[in-house]
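>
Residue numbers (our numbering): 1 to 131.
1) I think residue 48 touches residue 10, with their Cβ atoms under 8 Å apart; what is that distance to the nearest whole Å?
2) Going by C-alpha to C-alpha distance, which of 122, 125 and 28 sits closest to residue 66?
3) Is the closest heavy atom of the ligand ZN to the C-beta of residue 35 under 8 Å?
4) Spatial neighbours of residue 23 within its chain, please: C-beta separation below 8 Å, excluding the five flanking residues on both sides.
5) Under three-state DSSP, which class holds residue 48?
6) Is the beta carbon of residue 12 less than 9 Å from the beta carbon of residue 75?
7) Go through its chain and collect everything with a Cβ distance to residue 72's Cβ below 7 Å, but skip five positions before and after it.
8) Three-state secondary structure (DSSP) at residue 58?
9) DSSP state of residue 38, grouped into three classes?
10) Helix or strand or just coil, what does DSSP make of residue 71?
11) At the level of alpha carbons, what is the spacing between residue 83 and residue 45?
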C-alpha cells in the first residue's frame, strides 16, 4: 500500500468491568510498530494514534475483543465507533483506488486531436436541398 499522511487519533473506551483491562490492553498494543498508545485521563480509555494506511479503529477493537477485552457499549460509544469505522473504510478504499492509466489517456487524447471539430457537415451538397 502506498504511504499516506492520514494520521488518526482515536479513543478506545472500555467497560468498567473487569478492572485492570485498560492497563493490560496498553501493554498489548504498546509493542506494535506505528501505533502510539496512552491511557486517557479518566482511566477507562486508551488514546491511540496511527496512520489509517496501517491500522484501523475497527481492526484494533476487533483484536482487543477477540482477546477478551470488554468495550463500552453505550449508545454514544457505538455511534462514535460506527462513524469512525465507516470514515476510515472510505478513506482506505479511496487511497487504494487505482490511479488512471496514463497510456490509455494519451491514446484517447490522440484520437480526440485527430477528430474533426466544429460545425462541419459531411452531407453532400445535392442531398442538403433534397426535399
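Idealized CB from N, CA, C, for every residue including glycine.
Taking the structure as given:
1) 5 Å
2) 28
3) By its list of ligands, the structure shown contains no ligand whatsoever, and the ligand ZN lies outside what it can speak to.
4) 39
5) strand
6) no
7) 13, 14 and 15
8) helix
9) strand
10) strand
11) 18 Å
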